[in-house]
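Undergrad: So the sequence lines, in the order shown, correspond to chains V and F. Heads up: the first sequence begins at 8 in this note's numbering, then just goes up one per residue. Heads up: the second sequence begins at -16 in this note's numbering, then just goes up one per residue. Ideal Cβ positions, reconstructed from N, Cα and C, are used throughout, including at glycine. Since this is a predicted model, take the numbers as computed values, not measurements.
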Amino acid sequence: MELKVKQVKRVDGVKEAFYIPAAFGGLRLTVKHFFRNLFGSRDVVTINYPEEKRPVSMRWRGRHRLTRKDDGFLKCVACYMCETVCPAKCIHIEAGEHPDLSIEKYPVRFDIDELRCVFCGLCVEACPKEAIRMDTGVVAMAYSSRKTFDFTRDLLRDNYDPNQHESPKYGDEDLPRPESQESALPNSQGIPAS
Amino acid sequence: MDLILEILSIPLVQSILKIAFIILLFAMPLGTVLTLMERKWSAMIQDRVGPNRANVGNYTGNGLLHLAADGLKSIFKEDTIPQGANGFLYLIAPFFGLIAGVATFAIIPIAGPIGDFTFQVTDIEPGLLFIFAITSLSVYGAVLAGTSSNSKFALLGGTRASAQMISYEVFMGLALMGIFMVYGSTRVSDIVNGQNEYWFGNLIPMWGVFTQPLGFFLFFTALIAETKRAPFDAPEGESEIVAGYFLEYSGMRWSAFMLAEYVAVAGVAVLMTTLFFGGYHVPWLHLWESAPQWLVTLLQIGKFSIVTIFFCWLQIQLRWTLPKFRFDQTMSLGWKKLLPLSLANTALTAVVVLAFM
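(1) Give a yes or no on whether 9 Å exceeds the smallest Cβ distance from residue 179/V to chain F.
(2) Mind listing the chain F neighbours of residue 41/V? Cutoff is C-beta to C-beta under 8 Å, in chain order.
(3) Does the region 192 to 208 of chain F come close enough to the region 131 to 146 of chain F that 3 or more CB-CB pairs lie under 8 Å?
(4) Quick check on DSSP: helix, strand or coil for residue 334/F?
(5) Using DSSP bridges, identify the partner residues of residue 294/F.
(6) Contact criterion: CB-CB distance below 9 Å. Does residue 38/V meet it with respect to chain F?
(7) List the residues of chain V whose Cβ lies closer than 8 Å to the Cβ of residue 32/F, in chain order.
(8) Could you pull out every unbroken alpha helix (DSSP H) segment of at least 4 residues lying fully inside the region 47 to 100 of chain V, listed in chain order?
(9) Return yes when the C-beta of residue 259/F is under 8 Å from any heavy atom of the ligand PLP, and no when it is not.
(10) Can you list, in chain order, the stretches of the alpha helix (DSSP H) that have 4 or more residues and sit fully within the region 96 to 168 of chain F?
(11) Look at the alpha carbon of residue 96/V and the alpha carbon of residue 49/V, and state the distance between them as a whole number of angstroms.
(12) Anything in the region 296 to 327 of chain F with a Cβ closer than 8 Å to a Cβ of chain V? List those residues in chain order, please.
(13) Helix, strand or coil for residue -13/F per DSSP?
(14) Using beta carbons (cut-off 9 Å, strictly below), is residue 45/V in contact with chain F?
(15) Give the DSSP bridge partners of residue 113/V, in chain order.
(16) Given a limit of 9 Å on CB to CB distance, which residues of the region 16 to 30 of chain V reach chain F?
(17) Skipping 5 residues on each side, what residues in its chain have a beta carbon closer than 7 Å to that of residue 26/V?
(18) Within 8 Å, do at least three Cβ pairs link the region 121 to 129 of chain F to the region 72 to 81 of chain F?
(19) Is the separation between the beta-carbon of residue 295/F and that of residue 50/F shorter than 9 Å?
(20) Measure the alpha-carbon distance for residue 327/F versus residue 75/F and round it to whole angstroms.
(21) List the residues that DSSP assigns as beta-bridge partners of residue 182/F.
(22) For residue 307/F and residue -11/F, what's the separation of their Cα atoms in angstroms?
(23) Using a Cβ-Cβ distance cut-off of 9 Å, determine whether residue 135/V contacts chain F.
(24) Please state whether DSSP places residue 126/V in a helix, a strand or coil.
(25) Excluding the 5 residues preceding and the 5 following residue 25/F in the sequence, name in chain order all residues of the same chain whose CB lies nearer than 6 Å to its CB.
(26) Thinking C-beta only, is residue 37/V closer than 9 Å to residue 298/F?
(27) Do residue 51/V and residue 31/F have their CB atoms nearer than 9 Å?
(28) Comparing the C-beta of residue 35/F with each C-beta of chain V, is any distance below 9 Å?
(29) Near residue 21/V, which residues of its chain fall below 6 Å by C-beta distance, leaving aside the five closest residues on each side in sequence?
(30) Could you pull the start and end residues of the alpha helix (DSSP H) that residue 71/F belongs to?
(31) I need the DSSP call for residue 142/V, collapsed to helix, strand or coil.
(32) Which residue from 34/F, 48/F and 61/F puts its Cα closest to that of residue 40/F?
(33) Which runs of the alpha helix (DSSP H) spanning at least 4 residues fall entirely within the region 225 to 286 of chain F, listed in chain order?
(34) Output the distance between the C-alpha atoms of residue 255/F and residue 64/V, rounded to the nearest integer angstrom.
(35) Run down chain F in chain order and give the residues with a C-beta less than 8 Å from the C-beta of residue 203/V.
(36) By alpha-carbon positions, which one of 188/F, 313/F and 186/F ends up nearest to residue 220/F?
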């Protein structure tokens, strides 16, 4: 079989042979860009990253957060779905008994090792309560110590920044404490306890 | 007061003051600023932002502080000497180029004379022959750095640099023969004053670029090859031999090579201004006969600076426009095309000068 060879036509002619006209053609292009950017950086496409940020898509997967109900408490019911589905095994949950008897469990611990996380988003898909989301828009996590990447339950808040050491917003003492067993029974969601 | 004037009238004191003024206030600042401008301007050409991060507090000066940052960094970096290097030659090599670049400014007048006082360190009779001698000296910088580093890449770069610079010096001299013939002198002040005459009444100044257009092009090409910048940067050869002859250098000695390159760029610019664009002469200024002396001097310094900065910019623009020549292309361009052209230019100029002047 005969090989098919495609011959690209060589650009010849006076312009190429003398080099100077071609060089001037190149100069015209670079000078045009130079002066366009000299007066107002019109063609510059750079985003000055730490100051300016690229807008991320709605579906973009960033750092996790644990969502909350209207009363400020976590939506998570410690069902272990996300921990089970996680391919990187980076979620660790410990369930505890909720003082509100209408709620079965709540996470005493909810730790995510962000260094192991592969940001696949399966935990978000698995969650039956929309309790974990990856919509914080935190693009890069750059901290100086490995320990900082172990996010515990109270750190997985919406706007937590480990570089600014502030106390967590919600602790165990902030749990809604029902005054009596009776008042706890018809809970906010209207589901009767057992 | 009289004592000060008396001291100032001593020629030696005047020369030292001029050297200080021209080197410290013109050559070195221009070279230093060009190291930053090269990066800023190349960024503009390529639609980038360029260096803008060095800061004091919140002040960045749009990248201006990188000058100070670079200097500080170079001073505090370790000055390494590779194993097996020739210590003495290795240590002195960076300064050949720097000295040669700065010495160019010695014969350049940056404004017209006021009485006996000239704005020129020295107006020697050989004039431009001095420039040729000095630029030959800068070959030693590259060659010594290349051979003494005990590195094969550096040796290759040094070999290329020596071959290229010696070849291009041949027709650098020939390209200027036309200028010597037209203005009848090698002395710089004669050439500059010769460019203050006019054709057709007061219409066109007799600038070198109009009397010697081919010579202008050839000399500019030769000088760019002498500074070893793109498109003639085979001696540095970033894509093949890393950094060429100054590959092994670090710290302040590396900075000396970079500074030498930019001082050479500024030197090329002042040479082009002086020889081909009328030097310090402001065109058609002689029509205004009642102009005060101080204003004339200021205008002359201004015109000289503007043309110089334009040529610095043009060299940087050329570097970021043209692709690098292969080394054999550099040599064949020099010997087979530009050398015959400069010979033809010399012969043609001789005939025209003989016929009309």
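TA: Walking through what the data contain:
(1) Any answer about residue 179/V is weak, because its pLDDT of 47 lies below 50 and its placement is not dependable; what the coordinates show is given next. No, because no Cβ of chain F sits closer than 9 Å to the Cβ of residue 179/V.
(2) Chain F residues near residue 41/V: 24, 27, 28 and 300.
(3) Three or more Cβ pairs closer than 8 Å define a contact, and the region 131 to 146 of chain F falls short of that threshold against the region 192 to 208 of chain F.
(4) Of the three classes helix, strand and coil, the one that applies to residue 334/F here is helix, per DSSP.
(5) Per DSSP, none; premise fails for residue 294/F.
(6) For residue 38/V, a Cβ of chain F is located within less than 9 Å of the residue's own Cβ.
(7) Residue 32/F reaches chain V at 48, 51, 53 and 55, counting residues in chain order whose Cβ is nearer than 8 Å.
(8) List check, alpha helix (DSSP H) in window: 88 to 92.
(9) Questions concerning the ligand PLP fall outside what the structure shown contains, since it holds no ligand whatsoever.
(10) At a cut-off of 4 residues, the continuous stretches assigned as alpha helix (DSSP H) that sit fully inside the region 96 to 168 of chain F are 111 to 131 and 135 to 166.
(11) CA-to-CA, the gap between residue 96/V and residue 49/V works out to about 47 Å.
(12) Under the 8 Å Cβ criterion, the region 296 to 327 of chain F contributes 300, 301, 303, 304 and 305.
(13) Residue state for residue -13/F is assigned as helix, using DSSP reduced to three classes.
(14) Closer than 9 Å to the CB of residue 45/V there is at least one CB belonging to chain F.
(15) Beta-bridge annotation (DSSP): residue 113/V is paired with 103/V.
(16) Taken in chain order, the members of the region 16 to 30 of chain V whose beta-carbon sits within less than 9 Å of a beta-carbon on chain F are 26, 27 and 30.
(17) Cβ neighbours of residue 26/V beyond the five flanking positions: none.
(18) Counting Cβ pairs under 8 Å, three or more are found: they touch.
(19) For the pair residue 295/F and residue 50/F, the CB atoms are not nearer than the 9 Å cut-off.
(20) The alpha-carbon atoms of residue 327/F and residue 75/F are separated by roughly 40 Å.
(21) Bridge partners of residue 182/F: 187/F.
(22) C-alpha separation (whole angstroms): 55 Å.
(23) It does not; no Cβ of chain F falls within 9 Å.
(24) Residue state, collapsed to three classes: coil.
(25) Around residue 25/F: 303.
(26) Taking 9 Å as the Cβ cut-off, residue 298/F and residue 37/V do not qualify as a contacting pair.
(27) Going by C-beta atoms, residue 51/V is nearer than 9 Å to residue 31/F.
(28) By this cut-off, residue 35/F is an interface position.
(29) Within the same chain, residue 21/V has no close Cβ partners at all.
(30) Start and end: 70 to 75.
(31) The three-state secondary structure of residue 142/V, taken from DSSP, is coil.
(32) Comparing Cα-Cα distances from residue 40/F to each of 34/F, 48/F and 61/F, the minimum goes to 48/F.
(33) Complete alpha helix (DSSP H) runs here, min 4: 234 to 259.
(34) Whole-angstrom Cα-Cα distance: 55 Å.
(35) Look at the range of chain V in this structure, 8 to 201, and you will see that residue 203/V is not part of it.
(36) The candidate whose alpha carbon is nearest that of residue 220/F is 313/F.
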